[in-house]
Every structure is written in structure tokens, then in C-alpha cells.
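Student: Sharing a structure, written as C-alpha cells. Questions coming.
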Amino acid sequence: MRAGGRGRDVTAGWDVVSPGRPGRLPGVIMAGFDVLDLAAPVRLVPHPAVTVVVEFGAGQPIVADAAGRERRGSLVAGPGFGLGGALARGADVTCVQVRLSPVLARSILGVAAGDLSGIGVPLDDLWGADAARLRERLAAAASWPDRFALVEEALARRRRPGSYPDPEVAWAWRRLVAGRGLVRIDPLAAEVGWSRKRLWSRFAAQLGLPPKRAATLIRFDHAAYHLATGRDPARVAADAGYADQSHLHREVVSCTGVTPATLAEEPFLAVDDVAWPTLQRRRRGPGFPARQAI
1 MRAGGRGRDV TAGWDVVSPG RPGRLPGVIM AGFDVLDLAA PVRLVPHPAV TVVVEFGAGQ
61 PIVADAAGRE RRGSLVAGPG FGLGGALARG ADVTCVQVRL SPVLARSILG VAAGDLSGIG
121 VPLDDLWGAD AARLRERLAA AASWPDRFAL VEEALARRRR PGSYPDPEVA WAWRRLVAGR
181 GLVRIDPLAA EVGWSRKRLW SRFAAQLGLP PKRAATLIRF DHAAYHLATG RDPARVAADA
241 GYADQSHLHR EVVSCTGVTP ATLAEEPFLA VDDVAWPTLQ RRRRGPGFPA RQAI
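Those letters in the sequence shown? Residues 1 to 294, by UniProt numbering.
In C-alpha cells form, the structure reads like this:
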């Protein structure tokens, strides 16, 4: 497998494309995937964003969680999509995947991130006929830049100003992201002037997971990315804020169902820099080097 490059790459039979320019919508990033065939199911790697998958190829992606529940085709899922272990499979799959800040979920999708837990919901259930029309336009588009523009247009058109979480919840989320998950919840509640219980309940209801779980997911996202660079797990554990390497091991197993060594070889991490280049600087943080090509 090979990862790296600018904008476009082919890894394990995948054609992975990222937009050549920053998007117009803050808190929204996207990538294009063209997969001829997944010879074996590919493990999803949880990340701290709402996932929107819009497929428009000959085949449909199929996602199965650890309990065996399946979702086929275009979908929307909350933060931590795939937590506990989930696999994707399919052939002739072409799709745009959007990573959306959970703070924006209600304003763009019409539902709070808290309503998108588990394996997610079909995009058609949220957007109705608009989802089918978007797929048709994507299939007819002549290029990936045109497709990214179509998806961005669709998201912008559906955006409803004012449909946002409480300012305190949005602020707490941004603090957790900026702190790479290394922020204690009690002081965070005090900073917004709320009790711990109030922050916990409002945060969970509006963003899809309680603040401590959000911090865990954000921290895991940083660790998973750097495990895939081949860095020593003990160093990753220390730099990412885990108590020790055993703590990192337990958390990786809890989040994905596999060990850190197995996680480091997952294809979705191998294409991370190509699909999501705007996340590189945030993930590096103090003490983290730039990612090397695999």
C-alpha cells in the first residue's frame, strides 16, 4: 500500500481524491472514493465527526457493525462511526464521504448528532427525494471537482441558520478538539458556568456522545493516526496523553476490536493523508512529526 501525495492516490485498488481547495463551509471536509472491489471487508476507524456517505456508482457500500447489523448505500452516522468494530465491503463503489463537525449536524442535516448513533441512518430518510437527485447529479458530473462542488452546494442549501447546539456545548466541543481530548470535564463545566451534570446531559443529547466519550474519541483519533506512521506505541501513548502503553492498547481494542499493531495497518488509515490533508496539522500537535509515506 502507498499513501501520500497531493490530492489523488491509488491505494490497494482505491482511487482516493481530495478537493484541491479549502471548502466554503467551515467545519466540513470531504473526499472522494472509487473502489473497484474490496477483496476482503475493510475495518472502519472511528473518528470525531459526523459521517455522510453519498454513493453514486454501480455498486453500494455495505457497512456491518460488531453486532452484525448492516446498512447499505448512502448513510449518515454520528461521531465515532464504527466504535467497537465495524467493517465495510462492496464492489464498484464510488462515493463522496463528508466529515462534518457535530456542532453543524442539526443545521445541515436536520437532526442532532445525538440522533445518529450506532450504524447510522439512510440519507434518504433525512433528505428524501433530494438524496436521489444528488446521486443522479453526481453520477452525471464530469469530474471530481464538479462532484465536490455539487455536494458542497447541497449542504449549503440545506443549512438552517440558528439550528445549532447551545453556545456552551459548541464551545466545550471546540475546547476538547483544540486540546486533543486532554481536557478534564469538571473544569470545562466550570468554565461555561454549568454543573457537570448539565454539561454532560446537554452535550450528549446535542452532539451524540457525552463529553468524556468525546474526549476519548478525539484522543484515539490522534493516536490511531500516529500509530499508522510506524511510531513506537509507547511514544504514541505518552504523547497522546495515555497513562502508559497498556492504557493505549486497551482503548484501541475498545474502539476498534483490534490491537494497535493491527490498527496501524488498516487501509483507511493508509489513505488518511490523501483523503483528509487538512487534518494533518491538527493531529500532529506538540511532539508529533509529519507523517511519512507508507
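For each residue, glycine too, the CB sits at the ideal point set by N, CA and C.
Pick out whichever of 176, 271, 121, 141 has its Cα sitting closest to the Cα of residue 304.
Tutor: Here the chain has residues from 1 to 294 only, and residue 304 is not among them.
Student: Are three or more beta carbon pairs between the region 111-120 and the region 204-215 nearer than 8 Å?
Tutor: Verdict: yes, contact present.
Student: What do you reckon, are the CB atoms on residue 251 and residue 202 nearer than 9 Å?
Tutor: Residue mapping note: residue 251 aligns to position 251 of the sequence shown, counting from 1. Residue mapping note: residue 202 aligns to position 202 of the sequence shown, counting from 1. Their beta carbons are not under 9 Å apart, which means residue 251 does not touch residue 202 by this criterion.
Student: Can you tell me where the alpha helix (DSSP H) with residue 147 in it begins and where it stops?
Tutor: Sequence index remark: in the sequence shown, residue 147 carries index 147 (1-based). Where residue 147 is concerned, the enclosing alpha helix (DSSP H) stretches over 144-158.
Student: In the region 157-190, which residue ranges form an unbroken alpha helix (DSSP H) of at least 4 residues, counting only runs that do not cross its ends?
Tutor: Listed in chain order, they are 167-178.
Student: So, using beta-carbon positions, are residue 214 and residue 173 closer together than 9 Å?
Tutor: Along the sequence shown, one-based indexing puts residue 214 at 214. Along the sequence shown, one-based indexing puts residue 173 at 173. Their beta carbons are under 9 Å apart, which means residue 214 touches residue 173 by this criterion.
Student: Count the other C-beta atoms from every protein chain shown that fall within 10 angstroms of the C-beta of residue 247, then say buried if there are 16 or more, exposed otherwise.
Tutor: Taking the first residue of the sequence shown as position 1, residue 247 is located at position 247. Counting Cβ neighbours within 10 Å, residue 247 comes out exposed, since fewer than 16 surround it.
Student: In angstroms with no decimal places, state the Cα-to-Cα distance between residue 29 and residue 77.
Tutor: By one-based count along the sequence shown, residue 29 stands at place 29. By one-based count along the sequence shown, residue 77 stands at place 77. Near 15 Å, if we compare the C-alpha coordinates of residue 77 and residue 29.
Student: Rounded to a whole number of angstroms, what is the C-alpha to C-alpha distance between residue 295 and residue 148?
Tutor: Nothing about residue 295 can be reported from this structure: the residues present for the chain run from 1 to 294 only.
Student: Quick check on the DSSP output: the beta strand (DSSP E) that includes residue 127 runs from which residue to which?
Tutor: The count along the sequence shown starts at 1 and reaches residue 127 at position 127. First-last for residue 127: 123-127, but that is the alpha helix (DSSP H), not the beta strand (DSSP E).
Student: Does the Cβ-Cβ distance between residue 263 and residue 224 come in under 9 Å?
Tutor: As a first step, residue 263 is located in the sequence shown; it is residue number 263 there, counting from the start. As a first step, residue 224 is located in the sequence shown; it is residue number 224 there, counting from the start. Yes. Within cutoff.
Student: Less than 6 Å between C-beta atoms, sequence neighbours within five positions excluded: which residues of the same chain meet that for residue 104?
Tutor: Taking the first residue of the sequence shown as position 1, residue 104 is located at position 104. Contacts found: 27.
Student: In this structure, how does DSSP classify residue 100 when only helix, strand and coil are distinguished?
Tutor: Against the sequence shown, residue 100 aligns to sequence position 100. Reduced to three states, the DSSP call for residue 100 is strand.
Student: Quick check on the DSSP output: the alpha helix (DSSP H) that includes residue 239 runs from which residue to which?
Tutor: Position 239 of the sequence shown, counted from the first residue, corresponds to residue 239. It spans 233-240 - the alpha helix (DSSP H) in which residue 239 sits, taken as one unbroken run.
Student: Is it buried or exposed for residue 143, if we count other Cβ within 10 angstroms and need 16 for buried?
Tutor: For the purposes of this step, residue 143 is identified with residue 143 of the sequence shown, where counting begins at 1. Exposed, by the Cβ-count rule.
Student: Reducing DSSP to helix, strand and coil, say where residue 75 ends up.
Tutor: Reading the sequence shown from its first residue, position 75 is the one you call residue 75. Three-state DSSP puts residue 75 in a strand.
Student: Let's test the definition: count the other Cβ atoms within 10 Å of the Cβ of residue 22 and tell me whether it reaches 16, buried, or not, exposed.
Tutor: Residue numbering aside, residue 22 sits at position 22 when the sequence shown is read from its first letter. Label assigned to residue 22: exposed.
Student: Tell me whether residue 278 is buried or exposed, calling it buried when 16 or more other Cβ atoms sit within 10 Å of its Cβ.
Tutor: To locate residue 278, count along the sequence shown from 1; it is residue 278. By the neighbour-count rule (16 or more Cβ atoms within 10 Å), residue 278 is not buried but exposed.
Student: Residues in its own chain within less than 8 Å of residue 302 by CB, not counting five upstream and five downstream?
Tutor: This structure cannot speak to residue 302, because the chain is shown only from 1 to 294.
Student: Using the DSSP secondary-structure output, state which residues sit across from residue 29 in a beta bridge.
Tutor: Within the sequence shown, residue 29 is the residue found at index 29, counting from 1. In DSSP, residue 29 forms a bridge with 99.
Student: Taking DSSP as the reference, what is the three-state secondary structure of residue 89?
Tutor: In the sequence shown, residue 89 corresponds to position 89, counting from 1. Residue 89: strand per DSSP, three-state reduction.
Student: With respect to 8 Å, is the separation between the Cβ of residue 163 and the closest non-hydrogen atom of the ligand GTP below this value?
Tutor: Among the ligands in the structure shown, none appear at all, so the ligand GTP cannot be discussed.
Student: Take residue 64 and list the residues in its own chain whose beta-carbon comes closer than 7 Å to its own, dropping the five residues that flank it on each side.
Tutor: In the sequence shown, counting from the first residue as 1, residue 64 sits at position 64. Correct list, in chain order: 70, 86, 87.
Student: Who pairs with residue 37 in a beta bridge, going by DSSP?
Tutor: Residue mapping note: residue 37 aligns to position 37 of the sequence shown, counting from 1. According to DSSP, residue 37 bridges with 91.
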